[in-house]
Amino acid sequence: MKFINRLILFLVGASLITACSFDAQVDPNRPSVGGVSSNATPAQLDALVTGALGDLRSGLQVYRTSVGSIARELYLFDADPRNTEDLLGKNGTQLDNNTFYLTGWYTPYYRVVKNCNILIDAINNTTLVTDAAKKGYSGFAKTMKAHVFIQILNMLDDNGIRIDVSNPDQLGAFVDKATALTNIRTLLDEGSTDLDAAGTAFSFTLNSGWTGFDTPATFKQFNRGLAAKVALYQQSWADVLTLLGQSFLSETGSLNAGPQHVFSTAAGDVLNPLFFGSAPDNIYAHPSFNTDAEAGDTRVSSKTTAQSNTRDGLTATHRQNIFTTGTDPVSIIRNEELVLMKAEANIQQGNSAEAVRLLDIVRTAAGLAGYTGATDQTSLINQLLTERRFSLWLEGVRMVDMRRYGRLDATNLPIDRTGDIIHTKFPIPLNDNQ
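Under numbering that gives the first Met the number 0, the first residue of the sequence shown is numbered 0, with each subsequent residue one higher.
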């Protein structure tokens, strides 16, 4: 049986043990279809929201360290040799289609989709919440599904992804990359429309990571930021600028503004999986991240700290220092990325002066002088990729950026050991193969 069928059956089967009656509470991480399919209470619907946000964190560490390794922005030195063998293509090693660096994010991300599908079905079959509240739940669910689909597509690329997984007995086929992007844009637009009809406040409470994005209007700004990212991948440059104008982009605000994953030491919660303290097993910056940086670039000094280690023929001099405690939040998407997206769209539309102005917002914040190089399109794209490299380190975008511009190869990325190769995408998981 295909992977997602097995996942959905597991979720439902496990939940039947504890959610046999209407009055039973929904386990947010193992939702029961039967438990919420008829007249679900607000508490049951809220539990599905909580479960989606919780599962969204589950694949975080594997996702970011895997794409970061492939893009040669980091090394993950730990007890598992596959982090420096498979992901770095040691001696031509190909990526495995049945191992942790694939299923470690694929499973929880599709679990988020399942939670959201159950939530959408539940609000369509209950009379216990208002129409406006239903629109709030639906806008949230569609936006979160789209967010997850973006990440899955970033990993699988032209292998395509499954979008339609609402019926576990009849899963939709894998769709190609272009079709997937179109479907994701549509999902985000539907979510945006729902949020417009959701009133001035959600009937549910989002966690503290969503402070500033916890009303229908402000959550919509997150939705529009995601839609702008999809338009960027579609090379729909005018749409990028329009959508960014509806997002939370601020040229004068904090570049760190944006929703976040949050963690705590509370019972039942989890710690930040990207935090390793000063342990030898850690996330290390690829040496080129430090050596290629301009002098005085605070994006490097604030994100890494000196700590050397050698593993599997690889030597690192600095480890990550973005997260200094196990409860530090992790950004989902930041204002800095939106500013750089606006710069990219302007470069592609031939607006070089505006693009340089936007790049300089980021450079100035990093303690650097304004850009004074050539302003032809090729030169500005090169500079954009440089700024994105240092601004968005460990945020899961470098691999996609290099692939978007045909540079995810040994010509444009360092090869650290003879025989290493650079992967361009992840395979479809074995148990979900077509």
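We put the beta carbon where it would ideally sit given N, CA and C, even for glycine.
Would you mind reading off the limits of the alpha helix (DSSP H) that contains residue i?
i: residue 186; result: 176-195
i: residue 118; result: 99-122
i: residue 73; result: Counting along the chain, residue 73 falls outside any alpha helix (DSSP H), though it belongs to the beta strand (DSSP E) covering 73-76.
i: residue 58; result: Note, residue 58: premise wrong, no alpha helix (DSSP H); not H, not E.
i: residue 149; result: 130-155
i: residue 389; result: 376-390
i: residue 299; result: 297-300
i: residue 363; result: 351-364
i: residue 237; result: 236-243
Drop a sphere of 10 angstroms on the beta-carbon of residue i, count the other beta-carbons inside from all chains shown, and report buried for 16 or more, exposed for fewer.
i: residue 125; result: buried
i: residue 110; result: buried
i: residue 61; result: buried
i: residue 54; result: buried
i: residue 252; result: exposed
i: residue 220; result: buried
i: residue 309; result: exposed
i: residue 45; result: buried
i: residue 91; result: exposed
i: residue 150; result: buried
i: residue 394; result: buried
i: residue 204; result: exposed
i: residue 169; result: exposed
i: residue 431; result: buried
i: residue 423; result: exposed
i: residue 416; result: exposed
According to DSSP, what are the bridge partners of residue i?
i: residue 305; result: 317
i: residue 229; result: DSSP output for residue 229 lists no bridge partner at all.
i: residue 406; result: None; residue 406 has no bridge partner.
i: residue 330; result: 259
i: residue 310; result: 313
i: residue 397; result: Note: residue 397 sits in no beta bridge, so no partner.
i: residue 421; result: Partner(s): none; residue 421 has no beta bridge.
i: residue 161; result: 173
Excluding sequence positions up to five away, which residues of its chain have a Cβ less than 8 angstroms from the Cβ of residue i?
i: residue 16; result: Note that residue 16 scores a pLDDT of 29, beneath 50, so its modelled location is shaky; the value from the coordinates is reported in the next line. Excluding positions up to five away in sequence, the list is empty.
i: residue 112; result: 144, 147, 148, 164
i: residue 421; result: 69, 71, 88, 407, 408, 409, 412, 414
i: residue 207; result: 261
i: residue 434; result: In the structure as shown, the chain begins at 0 and stops at 433. Residue 434 is therefore absent and cannot be evaluated.
i: residue 213; result: 201, 204, 205
Excluding the five sequence neighbours on either side, which residues of its own chain have a C-beta within less than 6 angstroms of the C-beta of residue i, listed in chain order?
i: residue 434; result: The question about residue 434 has no answer here: the residues shown for the chain are numbered 0 through 433.
i: residue 22; result: Its pLDDT being 33, under 50, residue 22 is placed unreliably in this model, and the coordinates cannot settle the point.
i: residue 101; result: 425, 428
i: residue 182; result: 162
i: residue 133; result: 122
i: residue 254; result: 334, 335, 364
i: residue 142; result: 190, 222
Could you pull out every residue in the same chain whose Cβ sits closer than 7 angstroms to the Cβ of residue i, ignoring the five residues on either side in sequence?
i: residue 419; result: 87, 88, 89
i: residue 345; result: 353, 354, 357
i: residue 211; result: 217
i: residue 40; result: 127
i: residue 390; result: 298, 335, 339, 361
i: residue 242; result: 223, 226, 227, 230
i: residue 239; result: 227, 230, 231, 340, 344
Output the boundary residues of the beta strand (DSSP E) element that contains residue i.
i: residue 282; result: 281-284
Assess, as a yes-or-no matter, whether the region 129-138 is touched by the region 183-201 under the definition of 3 or more beta carbon pairs within less than 8 angstroms.
yes
Do the region 167-177 and the region 74-81 touch if we need at least three Cβ pairs shorter than 8 angstroms?
no
Counting beta carbon pairs with one atom in the region 270-289 and one in the region 370-378, are three or more of them shorter than 8 angstroms?
no
Can you find at least 3 beta carbon pairs, one from the region 254-271 and one from the region 326-333, that sit closer than 8 angstroms?
yes
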